[in-house]
Amino acid sequence: MSSRAALLVRLWRAEGAWALLARARDHGAEARRRRGFRRVALRELPAVPVLHVAATPPAPWLGGVPAQLGTRLGELERHRPTALLFPWRRGWRVEVVHGAERLAAELPAGAAPADEDGRWGAAVREVAAALRSRLLHVEGAAGLPHTTLAELAREQPLVLALHDFTLCCPRPNLFDERSGVACSPCADAATCAARLLAGGHAAAADAEEWRAQGAALFAAARCVVYSSEYLRRAHVELFGGAGRMWRTIAPGIHRSPLEPWRWPWTPRRRSARIAFLGGGGAHKGSALLAAVLAEWDRRGLPPVRWEVLGGGGGDQLRLLRRLPAVRVRGYYRHGTLPQRLRTGWFELALLLPQVPESFSLALSECWAAGVPVLALAQGALADRLAAGGGHPLPATAGRDEVIAAIQRWIVGELPLPPPPPPAPTAAAAAVAYTELFDELLAADGGAPGPP
Numbered sequence: 023m024s025s026r027a028a029l030l031v032r033l034w035r036a037e038g039a040w041a042l043l044a045r046a047r048d049h050g051a052e053a054r055r056r057r058g059f060r061r062v063a064l065r066e067l068p069a070v071p072v073l074h075v076a077a078t079p080p081a082p083w084l085g086g087v088p089a090q091l092g093t094r095l096g097e098l099e100r101h102r103p104t105a106l107l108f109p110w111r112r113g114w115r116v117e118v119v120h121g122a123e124r125l126a127a128e129l130p131a132g133a134a135p136a137d138e139d140g141r142w143g144a145a146v147r148e149v150a151a152a153l154r155s156r157l158l159h160v161e162g163a164a165g166l167p168h169t170t171l172a173e174l175a176r177e178q179p180l181v182l183a184l185h186d187f188t189l190c191c192p193r194p195n196l197f198d199e200r201s202g203v204a205c206s207p208c209a210d211a212a213t214c215a216a217r218l219l220a221g222g223h224a225a226a227a228d229a230e231e232w233r234a235q236g237a238a239l240f241a242a243a244r245c246v247v248y249s250s251e252y253l254r255r256a257h258v259e260l261f262g263g264a265g266r267m268w269r270t271i272a273p274g275i276h277r278s279p280l281e282p283w284r285w286p287w288t289p290r291r292r293s294a295r296i297a298f299l300g301g302g303g304a305h306k307g308s309a310l311l312a313a314v315l316a317e318w319d320r321r322g323l324p325p326v327r328w329e330v331l332g333g334g335g336g337d338q339l340r341l342l343r344r345l346p347a348v349r350v351r352g353y354y355r356h357g358t359l360p361q362r363l364r365t366g367w368f369e370l371a372l373l374l375p376q377v378p379e380s381f382s383l384a385l386s387e388c389w390a391a392g393v394p395v396l397a398l399a400q401g402a403l404a405d406r407l408a409a410g411g412g413h414p415l416p417a418t419a420g421r422d423e424v425i426a427a428i429q430r431w432i433v434g435e436l437p438l439p440p441p442p443p444p445a446p447t448a449a450a451a452a453v454a455y456t457e458l459f460d461e462l463l464a465a466d467g468g469a470p471g472p473p
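Just so you know, the sequence shown maps onto residues 23 to 473 in my numbering.
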């Protein structure tokens with residue numbers, strides 16, 4: 023059996039045919055998107071004032087930062103020409119949308135210096151010069167060389183968008199999947215190294231250098247953009263400030279087509295329908311969910327229809343599939359969660375992150391669907407749930423606390439939370455970024471980008 027066939031079999035066993043179909047559709051949609059660009063030489067690309075840089079393609083199945091970026095770029099194209107540079111095959115690809123034109127150029131890796139950082143930095147410089155870009159926008163620092171980024175930031179204005187803790191720890195989400203070790207942001211490199219070592223992480227010896235490189239990049243960036251106020255506060259504690267210039271711009275979701283919107287979308291029923299969002303990811307609380315479900319069945323508590331949404335963690339998903347009254351839907355197409363929550367008539371969504379959430383797109387999608395949330399108050403979830411839309415549990419809550427809260431919800435002892443604020447949209451995020459870019463371009467002695 024080929025490695026590809028073996029992977030498909032593993033995914034089918036863990037997530038089921040529905041998830042495989044959703045993955046195939048997303049891969050097909052991304053391939054069609056790429057084919058929509060006409061291949062040209064780098065020198066043929068038009069001038070674009072802002073060059074966006076990412077560590078991965080804006081593919082929806084990658085989730086997180088890549089999916090957010092792809093959604094927002096689609097909205098940015100309505101306001102300004104866009105250019106995105108990302109690793110592609112054994113080199114790099116730059117995609118430019120300029121009015122009705124969609125153009126792409128590819129750079130081979132071998133054309134630049136031999137070391138990895140040098141190749142990547144040379145590619146950024148070459149593309150920025152060809153496009154006559156006056157501003158770099160780096161979407162997340164995870165997976166990119168921090169030293170080279172700092173060098174680039176000293177050469178021309180750089181906007182650094184942060185979605186995690188990659189500047190202070192090699193584990194951007196503060197969780198080691200191999201050992202199951204989770205921790206809060208460490209205030210110093212020594213504590214970070216000790217925790218990395220306890221988790222068996224090879225980067226423990228370089229924790230001090232990692233933090234020094236992150237601090238240098240943080241100081242060199244013209245502007246730091248945070249996905250939430252929680253993330254900004256955490257970086258103030260870690261680096262003694264939020265950056266010489268900063269903004270908080272919430273990641274946005276597709277504008278919900280679900281109408282009419284009402285709160286809540288479904289009434290409570292005697293046989294509750296509860297969706298767990300996080301798939302099999304250990305850092306998303308899949309092990310805690312398994313403990314909750316097993317204990318729920320052992321005690322003979324009222325029947326509940328449980329559904330697990332999200333991919334990853336194949337072994338954990340196979341375990342969950344064997345539990346009573348559990349349906350594993352696995353991977354779902356980016357942007358389709360609100361519709362799934364509605365069509366499944368779920369009355370409650372469960373979020374059990376084991377690490378601080380920097381924002382939580384899943385919470386926004388629950389709000390767009392009109393579904394209340396029960397969540398561990400990790401990171402930004404605590405701030406956002408304070409405005410309504412759900413019930414926060416202590417960040418350290420375990421199996422029994424989660425079970426007790428769900429029981430109270432089912433019998434009506436846990437009151438319906440107030441309606442949440444409108445979920446941030448990708449269109450609003452695109453406008454905020456456009457205004458920021460125009461401000462920085464004007465301050466740099468030039469006019470903003472073309473309308």
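Glycine included, every Cβ here is placed at the ideal spot set by N, Cα and C.
- In this structure, the beta-carbon distance from V348 to L370 does not fall below 9 Å.
- For R233, the closest of G303, D210 and E251 by C-alpha to C-alpha distance is D210.
- Setting aside the 5 residues that flank it on each side, A242 is surrounded in the same chain by A172, A175 and R176, each with a C-beta closer than 6 Å to its C-beta; the list follows chain order.
- Under the DSSP assignment, A76 falls outside any beta strand (DSSP E); it carries neither an H nor an E label.
- E329 places its beta carbon less than 9 Å from that of R351.
- About 7 Å separates the beta carbons of H159 and A183, which is inside the 8 Å limit, making them a contact pair.
- G38 is the residue among A27, G38 and A28 whose C-alpha sits nearest the C-alpha of R340.
- If you check the CB distance, P446 and A272 come in under 9 Å.
- For I432, the three-state secondary structure derived from DSSP is helix.
- Per DSSP, the beta-bridge partners of L107 are V75 and V116.
- L67 and V181 have their alpha carbons spaced roughly 22 Å apart.
- Its Cα nearest to that of W285, the residue G411 stands out among R57, G411 and A69.
- In the three-state reduction of the DSSP assignment, R61 falls in the strand class.
- One alpha carbon belongs to T288, the other to G366, and they sit about 10 Å apart.
- Under the DSSP assignment, G352 falls in the beta strand (DSSP E) whose first and last residues are V348 to G352.
- Taking all protein chains in view, the Cβ of L91 is crowded by 16 or more other Cβ atoms within 10 Å, so the residue is classified as buried.
- Bridge pairing for V330: F298 and V350 [DSSP].
- In this structure, DSSP gives E379 an extended state, which the three-state scheme calls strand.
- Counting the other CB atoms within 10 Å of its CB gives R54 a total below 16, which places it among the exposed residues.
- Taking C-beta atoms as the reference points, A397 and L385 count as a pair closer than 9 Å.
- Taking the CA atoms as reference points, V62 sits about 36 Å from W268.
- Beta-bridge pairing by DSSP links T270 to Y248.
- Of the candidates F108, T93 and G96, F108 places its Cα closest to the Cα of T78.
- Closest in C-alpha terms to L218, from the list F197, A163 and P414, comes F197.
- Remark: three or more beta-carbon pairs, one from each stretch, lie closer than 8 Å, so the stretch 297-304 and the stretch 320-337 are flagged as touching.
- Unbroken beta strand (DSSP E) stretches of 3 residues or longer found wholly inside the stretch 163-228: 180-184, given in chain order.
- S24 sits exposed, since fewer than 16 C-beta atoms from the chains shown fall within 10 Å of its C-beta.
- Distances from the alpha-carbon of G121 to those of G434, W110, L98 and R355 put L98 closest.
- Here E259 is exposed, its C-beta having fewer than 16 other C-beta atoms within 10 Å.
- The count of Cβ pairs closer than 8 Å, one atom from the stretch 418-428 and one from the stretch 311-325, reaches three, so the stretches are in contact.
- At the C-beta level, S155 and L73 come within 9 Å of one another.
- It is roughly 13 Å from the alpha-carbon of L415 to the alpha-carbon of P378.
- Ranked by Cα distance from L374, the first of P346, H413 and A408 is H413.
- Sorting H49, V146, E161 and T104 by C-alpha distance to the C-alpha of C245 places E161 at the top.
- Of F368, G113, E123 and R295, the smallest CA-CA separation from G143 is found for G113.
- Secondary structure at H276: coil, using DSSP grouped into helix, strand and coil.
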